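Chemist:
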Amino acid sequence: EVQLVESGGGLVQPGRSMKLSCAASGFTFNNYDMAWVCQAPKKGLEWVATISYDGSSTYYRDSVKGRFTISRDNAKSTLYLQMDSLRSEDTATYYCARHPLIRGTWYFDFWGPGTMVTVSS
Amino acid sequence: DIQMTQSPASLSASLGETVTIECRASEDIYNGLAWYQQKPGKSPQLLIYNANSLHTGVPSRFSGSGSGTQYSLKINSLQSEDVASYFCQQYYDYPWTFGGGTKLELK
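If you read the protein sequences in the order shown, they are chains H and W. Read in order, the letters of the first sequence correspond to residues 11 to 131 in this note's numbering. Read in order, the letters of the second sequence correspond to residues 445 to 551 in this note's numbering.
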């Protein structure tokens, strides 16, 4: 059974950092491109970042470029999101999501339950 | 960025009814479109990809259609478990973008 379980969310002050993790199981993690998608309270979905299956390529939405870093450890089947210089507008539930196996198709075929990040003083 | 506009924003329908949700892209996305269902308090789940391909395990009462800039999700014979929010997403061009969502309730 495919499982993605996020952790590391919580309350953080503006300007500080936070690192999210996503533990994957039930599939061959190092075959898949992975992503983070966020959803502000009562709002829609926003793609945040994607990393290729081998970690060689990364992609970010403009609003997080230079502040967030997506990475992965294939030996541990774990995806990460390092979030620096956090702002109140980063407050959201962050979902770990899997891209499909077919290269170059960028929808999300499986999602974790999410972890909430609240940026507030 | 490609803008995705969903309509309606909310919808009330009866059990057994057929429901259609629309998604319009700001430019041609060449069928690079997915639909997701998100039940209250849960994460999104993939329903449709490539505009009209049903994801594994999704009931056949769900279907997708469209081309160019206009796409739709149809739910035949609405069931109580279909109460949820529905989102479209384009993946034809980076950055990948979502529609604002449609909240479906029972009448």
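Using N, Cα and C, we set each Cβ at its ideal position, and we do this for glycine too. Quick caveat, the model's predicted, so the values are computed rather than measured.
1) Against Gln533(W), what residues of chain H qualify as contacts under a CB-to-CB distance less than 7 Å, listed in chain order?
2) Short of 6 Å in beta carbon distance, which residues of its chain neighbour Gly510(W), apart from the five on each side in sequence? Order them along the chain.
3) With respect to the beta strand (DSSP E) encompassing Val47(H), which residues constitute its N-terminal and C-terminal limits?
4) Output, in chain order, the set of chain W residues within a Cβ distance shorter than 8 Å of Arg71(H).
5) From Glu56(H), Cys32(H) and Gly19(H), pick the residue whose C-alpha is nearest to that of Arg82(H); which is it?
6) Under 7 Å between beta-carbons, which chain H residues line up against Phe506(W)? List them in chain order, please.
7) Give the range of the beta strand (DSSP E) segment to which Gly20(H) is assigned.
8) Report all residues from its chain with a CB closer than 7 Å to the CB of Thr5(H); omit the five preceding and five following residues, and keep chain order.
9) Any Cβ of chain H within less than 8 Å of the Cβ of Leu455(W)?
10) What are the residues in the segment 447-475 of chain W lying within 8 Å of chain H by C-beta distance?
11) Going along the chain, which residues of the segment 33-61 of chain H sit with their C-beta nearer than 9 Å to a C-beta in chain W?
12) Give the C-beta separation of Trp540(W) and Trp121(H) to the nearest angstrom, bearing in mind that I take them to be a contact with Cβ-Cβ under 8 Å.
13) Could you work out which residues of chain H lie near Tyr493(W), taking near to mean beta carbons separated by less than 8 Å?
14) Any Cβ of chain H within less than 8 Å of the Cβ of Pro484(W)?
15) Could you work out which residues of chain W lie near Tyr105(H), taking near to mean beta carbons separated by less than 7 Å?
16) Check whether the segment 33-42 of chain H and the segment 63-77 of chain H touch, using three or more Cβ-Cβ pairs below 8 Å as the test.
17) Which runs of the beta strand (DSSP E), 3 residues or longer, sit entirely within the segment 47-121 of chain H?
18) Going by Cα to Cα distance, which pick from Ser524(W), Leu477(W) and Ser454(W) is closest to Gln514(W)?
19) Against chain H, does Ala478(W) count as a neighbour if the rule is that its beta carbon must be under 8 Å from one of theirs?
20) Give me the Cα-Cα distance between Lys423(W) and Asp472(W), rounded to the nearest whole angstrom.
21) List, in order along the chain, the chain W residues whose C-beta lies closer than 9 Å to that of Thr20(H)?
22) Distance, Cα to Cα, Ser458(W) vs Trp479(W)?
23) For Glu101(H), which option in Leu14(H), Val12(H), Val22(H) and Gly18(H) has the closest C-alpha, if you only look at C-alpha atoms?
Modeler: So, to answer that:
1) Tyr117
2) The residues are Ala495 and Ser516.
3) Per DSSP, Val47(H) belongs to the beta strand (DSSP E) from Met44 to Gln49.
4) Pro539
5) Cys32(H)
6) Taking a Cβ-Cβ threshold of 7 Å, none of the residues of chain H is close to Phe506(W); the smallest such distance is about 15 Å.
7) Following the DSSP letters along the chain, one finds Gly20(H) inside the beta strand (DSSP E) bounded by residues Gly20 to Val22.
8) The structure shown does not extend to residue 5(H), since chain H spans only 11 to 131, so no value can be given for it.
9) no
10) none
11) Ala45, Val47, Gln49, Lys53, Gly54, Leu55, Glu56, Trp57 and Thr60
12) That belief does not hold up - the Cβ atoms of Trp540(W) and Trp121(H) are roughly 14 Å apart, past 8 Å.
13) Pro110, Thr115, Tyr117 and Asp119
14) no
15) Ser487
16) Contact annotation: the segment 33-42 of chain H touches the segment 63-77 of chain H, with at least three C-beta pairs closer than 8 Å.
17) 55-61, 68-70, 78-83, 88-93 and 102-108
18) Leu477(W)
19) yes
20) Given a span of 445 to 551 for chain W in the structure shown, any question on residue 423(W) remains unanswerable.
21) At residue 20(H) the sequence reads Gly, which differs from the Thr that was named. Residues of chain W passing the Cβ test: none, with the nearest at roughly 18 Å.
22) 22 Å
23) With the sequence shown as reference, residue 101(H) is identified as Thr, and Glu is not the correct amino acid for it. Ranking the options by Cα distance to Thr101(H), first place goes to Val22(H).
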